[in-house]
Structures are given as structure tokens and as C-alpha cells.
Amino acid sequence: MTVRWGVSPIGWVNDDLPSLGAGTTLDTILSDAAAIGFAGIERGGIFPAEPAGLAARLDQAGLALAGAWHGSGLLAHGLAGESAAIEAQGTLLAACGCDVFILAETSGAVHGQRHTPLRQRPRLAPSEWPAFGAMLDSVAARLADRGLRLAYHYHLGTVVEDAQDLARLIDATGEGVGLVIDTGHARLGGIDVPALIREHPARVVHVHAKDVRPAVAAETIGQGASFLDGVIAGMFTVPGDGAVDFATICAALAAIDYAGWIVIEAEQDPALAPPAAYARAGLAHLRALWMSAVPAAGAGAQGLK
């Protein structure tokens, strides 16, 4: 099986809190990612938003587009109100050869609000899930017509944060609604990642590999702090630098013959956690675990340059 190794630019510049990494240029991010040997990178806020411009910059760096976050407002605006934004994002992805559409519902979300406690995040009543699921099914079908697979991103501070939310999402949608397996958000949301992979292999579309420092999370968001306060304090880090059991996760992915992107991601303060060094270390750690999980995989099957 072939996985492709990518990286998120959020370690260099944080879109939710641009003061983290302020002044870092796109050239720096792209050159660092290419030098480390990543095959692709996800789009960040300082990347070009116009399809041709984005494709050109990635091509110059020798990187593929591994994905791009789309925060949707389906609950606030309805399917009709979100269609144009979803279409535009789909056009951008398709122009850059990316076939994964990462979506998180951000109506009422608090993860980008520095002074709002994470525990004040929005929640759906049981009666609201069927309509939400129907909208996601519709989005997934429209994207599939364009050759794109919807990958829903559960995320702290949003309506799909914890294991109960995710179970309701899965119950309310068909398998056309895939998932981003985000290991960090899963750990803090009480989601059992290996079990999720085993029980819903057809939904595993994309992987964000992020580690967690549980003590920092407990001291921040566990005590009523905001999501961003937790980020600033260092509750997230790269694989191998926290408490997430990546060996078991890699084994679960290998068991379903996963062959998509594995993206190294960790929103931290780049002044304290040099992004290139951390990304390199995270990649080395996870690749070693992947090689152990898939002993027959050679270097050419590892999705590096």
C-alpha cells in the first residue's frame, strides 16, 4: 500500500491566531516542507486563494496539495446559502489535483475565539442531527460528481467534538461522508481512533497526525480555558512528542490498507517549537512506525520525494 506524507502549515502560521508565526513567509513554509521531503502540504491562510496562483506556487516548490480546510455554515445558512462557497473550494482543489474535501461545520464554533472557554462550544439536540446529516449527504454527493471525496473533520470547539457527537454524525450520514482521522482532536474528544478505523474503514479518507500533551490540556482547557489558550500553552505537538499511541493507530490503518495522505500537524507557538525541526522529527517518528506496521513497504511506497 502507498501512503503519501504531507504537512500542515499551521505549525508555521496559525490561521486561528495569526500572531503565532506572524511574519513567516509562504516561501519559508514551502521551502521547509520541500527540504524535509514531504510530498505535499495543506493550504493555509497565507497561500494564494486563486486556483492558478496556488497551483503555480505548489508546482514551483515541487509539492502536491494534500488538502485544505473548509469551515462550513450549513447549520447557520442552510445548504443553499453554503453552495457557492463549497463550489469555489471544490474548484480550487480540483485545479490543484486534490481529491479530498476537508470540511468542518463551524456554525457557532468557539475554537477561534481566544477569550471563550472551550466548554461553551455549540451542541446539537438529538432532533437536529438528521437534518444536518442530510445536508452533509447532499454535499458529499455533489462533490463526488466532481471527483472529490468529502472528509468530515471533527474538531474541538465545534458541533462535532466528542465521541457521542461523532457517533451521531455517523448514524445520520451515509458512507459518502468520509472522515478526517485527527489523532489529536480524537484524544482530547474521547474518540477511540483504532476502533473508529476498524469499525468504519470505508469512511477513513484522510489522516491528521497530531500528538497531545495531556497535562497541558488538563491545565488549560480542562480548567475552563479557551481552545487557543490550550494551543498557546502547548497542548498539541508532533507525533512522538506526546501521549498518543501512534503504533496502534498505524497498525489499524495498515490493516485496512489505507493509502491516502498522512499529514503531520501540530499547532504550537513557532517561537517555542521551531516548525521545520518539529515537522522533521514528527515525520521521522511516524514513518518508522509505519514501516513497522507495513514491513513489506519499501522507500518508494512511503510517499516521499
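Just so we're aligned, residue 659 is where the sequence shown starts under the numbering used here, counting upward by one.
Where a beta carbon is used, it is the ideal one built from N, C-alpha and C, also for glycine.
Report task. In the DSSP assignment, find the alpha helix (DSSP H) that holds L751 and state where it starts and stops. Result -> L732 to A753
Report task. Measure the C-alpha to C-alpha separation of G729 and A909 and round it to an integer number of angstroms. Result -> 30 Å
**Report entry** Collapsed DSSP secondary structure at G836 in the structure displayed
**Finding:** strand
Query raised in the report: Quick one: Cα of D840 to Cα of A789, how far?
Result: 25 Å
Query - Buried versus exposed, by CB contacts within 10 Å (16 or more), V661 - result: buried
Query - Other residues of its chain near H773: CB distance less than 8 Å, five sequence neighbours each side excluded - result: S884
Query raised in the report: Do L827 and V818 come within 7 Å of each other at the CB atom, strictly closer than that value?
Result: yes
Query - Residue burial classification, Q747 (beta-carbon count within 10 angstroms, cutoff 16) - result: buried
Query - CA-to-CA distance, D717 to H813, given in whole angstroms - result: 30 Å
Report task. Could you check which residue in G731, H735, G832 and R777 has the C-alpha nearest to that of A761? Result -> Per the sequence shown, residue 761 should be read as Leu rather than Ala. It is G731.
Requested in this report: Given a cut-off of 7 Å, decide if A697 and A722 are closer than it, judged by their beta-carbon atoms.
Outcome: yes
Requested in this report: Rank G681, A691, L684 and G679 by C-alpha distance to the C-alpha of V665 and give the top, closest one.
Outcome: A691
**Report entry** Opposing strand residues paired with W919 [DSSP bridges]
**Finding:** R662
**Report entry** Opening and closing residue of the beta strand (DSSP E) in which F696 lies
**Finding:** It is not in any beta strand (DSSP E) - F696 carries neither H nor E in the DSSP assignment.
**Report entry** Pair within 7 Å by beta-carbon distance, T831 and L794
**Finding:** yes
**Report entry** Coarse secondary structure for L930, derived from DSSP in three states
**Finding:** coil
Query raised in the report: Run through DSSP, which three-state label would G729 get?
Result: strand
Query raised in the report: Which residues bound the alpha helix (DSSP H) around I855?
Result: V851 to E857
Requested in this report: Return yes when the Cβ of E700 is within less than 7 Å of the Cβ of A738, no when it is not.
Outcome: no
**Report entry** P667 burial status per 10 Å Cβ neighbour count (16 or more: buried)
**Finding:** buried
**Report entry** D915 versus Y810 - alpha carbon distance
**Finding:** 20 Å
Query raised in the report: Measuring CA to CA, which of A934, G736, V870 and A937 is closest to G892?
Result: V870
Requested in this report: Confirm, please, whether the CB-CB distance from V896 to Y936 is below 7 Å.
Outcome: yes
Requested in this report: Below 8 Å on the Cβ atoms is my guess for V865 versus G918; work out the distance and round it to an integer in Å.
Outcome: 7 Å
Query raised in the report: Straight-line CA distance for N672 to Q771?
Result: 13 Å
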